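Engineer: Following our numbering, the numbering of the sequence shown begins with 11 at its first residue and continues without gaps.
In this text, a Cβ means the ideal position worked out from N, Cα and C, and glycines have one as well.
Quick caveat, the model's predicted, so the values are computed rather than measured.
Pasting a structure here, questions to come.
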Amino acid sequence: MIDSHAHLDDARFDSDRDDVLQRARNAGVRTILTIGNGNGPDQMGCGIPIAENHDWIYTSVGVHPHDASKVEEHHYTQMQELSRHAKVVAIGETGLDYHYDNSPREVQREVFRKQVALAKKLDLPVIVHTREADAETEAILLEEKAGRGVIHCFTSGDRLADFALSIGFLISFSGIVTFPNAAPLADIARRIPLDRILVETDCPYLAPVPHRGKRNEPAFVTETTRFIAALREMAPEELAGQVGVNFERLFALKTA
Ligand SMILES: [Zn+2]
Ligand SMILES: [Zn+2]
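Structure representation (structure tokens):
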């Protein structure tokens, strides 16, 4: 199984990060992508030391929309430099979050747009976070002629799902899909092509049922994988195998 989106740098893992990773291995997780956002642009290399210490962990570099207002021009140069590291396989997460509005929307749009363009220039996939901003996310991805990418922790509706598929993007499902009130999302997980699905924890946030409310961790990706496999009436191993292929294709990895 693959956890395509984790925040292993989070302080909530400081006391037991090694145990968390061991539990992931024991649960059958063979690859994790840990996101390089940290608490803001000055920490966008936060996943690199973790990825350097574990041959099965990869990382990204980018600025979360919450932190868009902290970006200065030199951060784009730094992003480009860090992206040359062998374990950095994507730009992101970046995007628009109009739910929290932690940064002004126009700043979020500009910082998102620049990261989409940079990812394209570097021929790296972009990891997109979008919340209550479907139309503008779509517009920016179209205007920048986005290359490869994924909409992570997908919680939008059919329209954005179909748009993402139309531009060749993947859709990544977090534990939210397992929540009882998420039936429309489960329908999307059931119907989209198998070769476009990723599964993630987004840990330490958003633990899936039956761990809901607790700190999330990569081992719990097994619950979400099982849940989606059941929706699609297939064996969890079969779904996990296909997600592995999808992951390696998107992030251009050699087979782990
Ligand atoms: Zn996110
Ligand atoms: Zn995230």
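1) In angstroms, rounded to a whole number, what distance separates the CA positions of V253 and H162?
2) Is the CB-CB distance between S177 and A143 below 8 Å?
3) Should T265 go down as buried or exposed, given a rule of 16 or more other Cβ atoms within 10 Å for buried?
4) If you count every other CB in all the chains shown that lies within 10 Å of the CB of Q125, and 16 or more means buried, which is it?
5) Give the secondary structure of L208 by DSSP, where H, G and I count as helix, E and B as strand, and everything else as coil.
6) Quick check on this structure: which residue in S25, A37 and I198 has the alpha carbon closest to the alpha carbon of L170?
7) Is R236 helix, strand or coil when you go by DSSP?
8) Identify the residues that DSSP records as bridge partners of F183: which are they?
9) Helix, strand or coil, according to DSSP, for L152 in the structure here?
10) Do E248 and ligand 1 come close, with the Cβ less than 7 Å from some heavy atom?
11) Do G46 and S14 have their beta-carbon atoms positioned less than 8 Å apart in this structure?
12) Of all the options E243, D111 and A217, which has the alpha carbon lying nearest to the alpha carbon of P228?
13) Note down the Cα distance separating R200 from L208, rounded to an integer number of angstroms.
14) Let's test the definition: count the other Cβ atoms within 10 Å of the Cβ of D168 and tell me whether it reaches 16, buried, or not, exposed.
15) Quick check: what's the CA-CA separation for C213 versus N256?
16) Between the alpha carbons of S113 and H85, how many angstroms are there, rounded?
17) So, with DSSP's three-state summary, where would you put E258?
Structural biologist: Well, looking at it:
1) The sequence position of residue 253 within the sequence shown is 243, counting from 1. The sequence position of residue 162 within the sequence shown is 152, counting from 1. Roughly 14 Å separates the two Cα atoms.
2) Along the sequence shown, read from residue 1 onward, the residue named residue 177 stands at position 167. Along the sequence shown, read from residue 1 onward, the residue named residue 143 stands at position 133. A quick correction: the sequence has Ile, not Ser, at residue 177. In this structure, A143 does not lie closer than 8 Å to I177 by Cβ.
3) Residue 265 sits at position 255 when you count from the first residue of the sequence shown. Any reading at T265 is ruled out, since the residue's pLDDT is 45, under 50, leaving its predicted position unreliable.
4) The residue given as residue 125 occupies position 115 in the sequence shown. Answer is buried; the Cβ neighbour count reaches 16.
5) Within the sequence shown, numbered from 1, the residue matching residue 208 stands at position 198. Residue state, collapsed to three classes: strand.
6) For this step, residue 170 is matched to residue 160 along the sequence shown. Among S25, A37 and I198, the Cα nearest to that of L170 is on I198.
7) The residue you call residue 236 lines up with position 226 of the sequence shown. Residue state, collapsed to three classes: helix.
8) For this step, residue 183 is matched to residue 173 along the sequence shown. Note: F183 sits in a beta bridge opposite V209.
9) Taking the sequence shown and counting its residues from 1, the one referred to as residue 152 is at position 142. L152 falls in the helix class under three-state DSSP.
10) As a first step, residue 248 is located in the sequence shown; it is residue number 238 there, counting from the start. Checking every heavy atom of ligand 1 against the Cβ of E248, none is found closer than 7 Å.
11) Here residue 14 corresponds to residue number 4 of the sequence shown, with the count starting at 1. Here residue 46 corresponds to residue number 36 of the sequence shown, with the count starting at 1. No, the pair does not count as a contact, with Cβ atoms beyond the cut-off.
12) Position 218 of the sequence shown holds residue 228. Ranking the options by Cα distance to P228, first place goes to A217.
13) The sequence position of residue 200 within the sequence shown is 190, counting from 1. The sequence position of residue 208 within the sequence shown is 198, counting from 1. One C-alpha to the other measures close to 13 Å.
14) Along the sequence shown, read from residue 1 onward, the residue named residue 168 stands at position 158. So D168 counts as exposed.
15) The residue you call residue 213 lines up with position 203 of the sequence shown. The residue you call residue 256 lines up with position 246 of the sequence shown. Rounded to whole angstroms, C213 to N256 spans 21 Å at the Cα level.
16) As a first step, residue 113 must be located in the sequence shown, where it is residue number 103. As a first step, residue 85 must be located in the sequence shown, where it is residue number 75. For S113 and H85, the distance between alpha carbons rounds to 17 Å.
17) Here residue 258 is taken as the residue at index 248 of the sequence shown, counted from 1. Three-state result, E258: helix.
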